[in-house]
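Shown next, in structure tokens, is the structure this report addresses.
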């Protein structure tokens, strides 16, 4: 066999695209095999292994040869070498991340449908989809540029092959139509200005963008940051370029939108536009204006006339539930008086921040919620969703003896509601009929909800003894407040709250975990196909599934159970974050309860707290529940009261000291009695609730930790002071701690020192790594702590 190794064949450079080495290396090996066949005229399997190894290591390059030297073993065959190098260059595939990249792929402006589908096939290579063609069709529906193709796909009448064929026909039709339109440009007549002419004023199509030529939501122009193929400038397409004389959209002097040379980044949020008229003063006018004093000048008046037409039609418009007959705007004559022909001192944003302008709603546009429903139709549906390609498996201890609970009969008046709930559960694929013998049987009952409906509740306490609890770290309010602190740099936060519809029931339960959820009703025996409430590990499993399978790598959001709080430092940042979350929910197959969702608001309630741009406070419901609390009549009611007050303790000064008489009632071996002492403590607790707001932590302000101690408890107040104005002080949080019987025996100075330690430990997540001042009313403690040479008691030193 004659083979010339001097024949040119490219080497493989692993440093060129290190993140794409796996696919590149496979393609290189395939081309190398073609190279061997073309030069030897033999099959690859017929070529001697030693020769193939030598040719491969000769052509593959020094960089790869060095890699092989670290992996080589004696008597390696050609296939062994190929496998080792393939394992080296092909990293472990992260399937969730590959699916994320697939779901984020949108069709480019200059990309044909076939090229877009080919790109999707490449992205889906490592996604392991069960039905690849169906997933590609769904992604084309989400990411294609053609609204007509998207609507046809959402009808669900076409299979993937027919759908792509329909899309190609749309592209061909659009291309042919543009070819005809380019040969027959539109011309329209426009009357001149009374004072100044407005040359070449093009047709003004309602709601048509002069940069891309399409209608689209505000701030969603597909031409943003795109380079024109004709003039090489950004932020417009070639079909709308001013160099294109056939464009009937763009015009030379007046423009409904920004000038093409101005980047959209300079003003990313526009809520309204004012047409600008180019002034073309002659030299004579300039000479006259220069010779006259400013006080004698007359303000310029511009008049714009529309073409005379037949009487314009009128339409009935609903304004706050009132019908108003309005004439369609056609550009009727308008006089514009410009004072001194100077630029405006205040723009939209300055006027809005000063309270001069208050935007109630954008005229001519749908509400924010309706726009979201239009952009994400699959998640705003009146049905229960289901997370795709994921199921939860319960860790069940088979050594625990199964329990067969006694059947609990439902009152006759409630059985119609029970049947309705069971039928709906089967329809939503949450429940299924239990068939065959079962070792576990749980009791079920109906519980009323706040909205007047009823919920099916299963007593899972016996089953929980056999279910091993899976531990995952859940988010806390402190985590949320810290994240908002870092995002809220200009006091212009915007919030949205998303409520997942029956969150637990949107995650499948593994087949071999369903038997332990079997329960009996008067309508038969059923079991759950989805995760159900009452399972001891359900909160952690659900939270982990949402965090790691749905909302991973997304910023500015927090989810606690089935509620998701999305926020942004301004409207644009909020909208980007919200669209990312909704896109991820849609691609995951989940749905939301639009009645409980709030979008684009300045203030939102989230788990008992009300978040706004500048501060956070207790919700009115929490304040009302605490202030209207009745005197307890049992130890259990005291526990409930203390649970509520502890949740609100951030807003109650000296909480532990105030509730000390109440805490005594829940101790062991303490006989129940409600006296005047406990009643006064309850009334003081109600009076101590702060209804004002607590501020967000500002890292640029001075921080003070005010600590104090009483005979029965410790307390601290985290406060910040404006460095520019010492009188501007804001409370960040209150905290307190009850002393146990041993700690109550400390001397007062020891308690004061303990209060300082408690305050630092309680606010450790905020204070650590920052400079702050501890404020105490105990002068001797200050002397002791600031004198390192002074010998102090061991307890105070600790």
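Numbering (the UniProt record's numbering), first residue to last: 1 to 798. All C-beta atoms, glycine included, are put in the ideal place defined by N, C-alpha and C. Treat the numbers as computed from the prediction; the structure is a model and nothing was measured.
Starting from residue i, follow the beta strand (DSSP E) in both directions and report where the run begins and ends.
i	result
residue 448	442-448
residue 733	725-738
residue 520	519-521
residue 524	524-528
residue 455	454-458
residue 432	431-433
For the alpha helix (DSSP H) containing residue i, name the first residue and the last one.
i	result
residue 137	132-143
residue 657	655-658
residue 58	49-59
residue 534	Segment: none, residue 534 is in no alpha helix (DSSP H) and carries neither H nor E.
residue 586	571-588
residue 681	676-688
residue 114	113-123
residue 65	62-71
residue 760	748-762
residue 35	21-40
residue 80	78-89
residue 98	95-104
residue 647	635-647
residue 147	147-155
residue 547	Careful: residue 547 lies outside any alpha helix (DSSP H) and carries neither H nor E.
residue 823	Residue numbering for the chain in the displayed model covers 1 to 798; residue 823 lies beyond these limits and cannot be assessed.
residue 45	Counting along the chain, residue 45 falls outside any alpha helix (DSSP H), and DSSP gives it neither H nor E.
Looking only at its own chain, which residues have a Cβ that is under 6 Å from the Cβ of residue i, when we skip the five neighbours before and after it?
i	result
residue 555	none
residue 473	none
residue 205	Residue placement at residue 205 is poorly supported in this model, since its pLDDT is 43, which falls under 50; the coordinates are not used for a value here.
residue 52	78
residue 607	560
residue 665	638
residue 227	234
residue 283	Model confidence at residue 283 stands at a pLDDT of 42, short of 50, so the residue's coordinates are unreliable and nothing is read from them.
residue 577	556, 566, 568
residue 375	none
Name, in chain order, the residues that DSSP records as bridge partners for residue i.
i	result
residue 604	611
residue 566	496, 557
residue 706	717, 775
residue 616	611, 694
residue 404	441
residue 391	508
residue 234	227
residue 396	467
residue 593	Answer by DSSP bridge pairing: none, since residue 593 is not bridged.
residue 170	BP columns for residue 170 are empty, so no partner.
residue 851	Because the chain in this structure spans residues 1 to 798, residue 851 falls outside the shown range and cannot be described.
Can you round the beta-carbon distance between residue i and residue j to whole angstroms, since I take them to be within the 8 Å contact cut?
i	j	result
residue 701	residue 720	4 Å
residue 799	residue 418	Outside the displayed span of the chain (1 to 798) sits residue 799, for which this structure offers no information.
residue 730	residue 695	4 Å
residue 496	residue 566	4 Å
residue 725	residue 715	No, residue 725 and residue 715 are not in contact; Cβ-Cβ is about 27 Å, not under 8 Å.
residue 591	residue 381	6 Å
residue 674	residue 631	6 Å
residue 648	residue 626	6 Å
Under 8 Å Cβ to Cβ from residue i, same chain only, skipping five residues before and after it: list those, please.
i	result
residue 770	699, 703
residue 119	105, 111
residue 143	105, 106, 107, 116
residue 642	659, 662, 663, 666
Excluding the five sequence neighbours on either side, which residues of its own chain have a C-beta within less than 7 Å of the C-beta of residue i, listed in chain order?
i	result
residue 174	none
residue 265	For residue 265, the pLDDT reaches just 38, beneath the cut-off of 50, and the residue's location in the model is therefore unreliable, although a value from the coordinates is still provided. Once the five neighbours on either side are set aside, residue 265 has no close Cβ partner at all.
residue 274	Residue placement at residue 274 is poorly supported in this model, since its pLDDT is 46, which falls under 50; the coordinates are not used for a value here.
residue 438	515, 518
residue 5	Note that residue 5 scores a pLDDT of 49, beneath 50, so its modelled location is shaky; the value from the coordinates is reported in the next line. Closer than 7 Å at Cβ, skipping near neighbours: 55, 58.
residue 60	11, 12
Would you say residue i reaches chain B, if we count a Cβ-Cβ gap shorter than 7 Å as a contact?
i	result
residue 39	Structure shown: chain B not included; a single protein chain is present.
With hydrogens ignored, establish whether the beta-carbon of residue i is closer than 6 Å to any heavy atom of the ligand PLP.
i	result
residue 96	Among the components of this structure there are no ligands whatsoever, and the ligand PLP is therefore not found.
- Message: When you compare the region 723-736 with the region 646-661, are there three or more beta-carbon pairs, one atom per stretch, that lie closer than 8 Å?
- Response: Note that the region 723-736 touches the region 646-661; at least 3 beta-carbon pairs, one per stretch, sit closer than 8 Å.
- Task: Evaluate contact between the region 515-535 and the region 441-457, counting only Cβ atoms and requiring at least three cross-stretch pairs below 8 Å.
- Result: Yes, since at least three Cβ pairs between the region 515-535 and the region 441-457 fall closer than 8 Å, the two stretches touch.
- Query: Should the region 545-552 be called in touch with the region 383-398, which here means at least 3 C-beta pairs below 8 Å?
  - Reply: Yes: at least three Cβ pairs fall under 8 Å.
- Query: Using 8 Å as the Cβ pair cut-off and three pairs as the minimum, do the region 394-408 and the region 428-435 touch?
  - Reply: Segments in contact, no.
- Taking 8 Å as the threshold, find out whether the region 558-571 comes into contact with the region 406-424 through three or more Cβ pairs. The answer is no - the region 406-424 does not touch the region 558-571, with fewer than three Cβ pairs under 8 Å.
- Message: For the structure I just gave you, are there three or more beta carbon pairs, one from the region 460-474 and one from the region 530-537, closer than 8 Å?
- Response: These segments touch.
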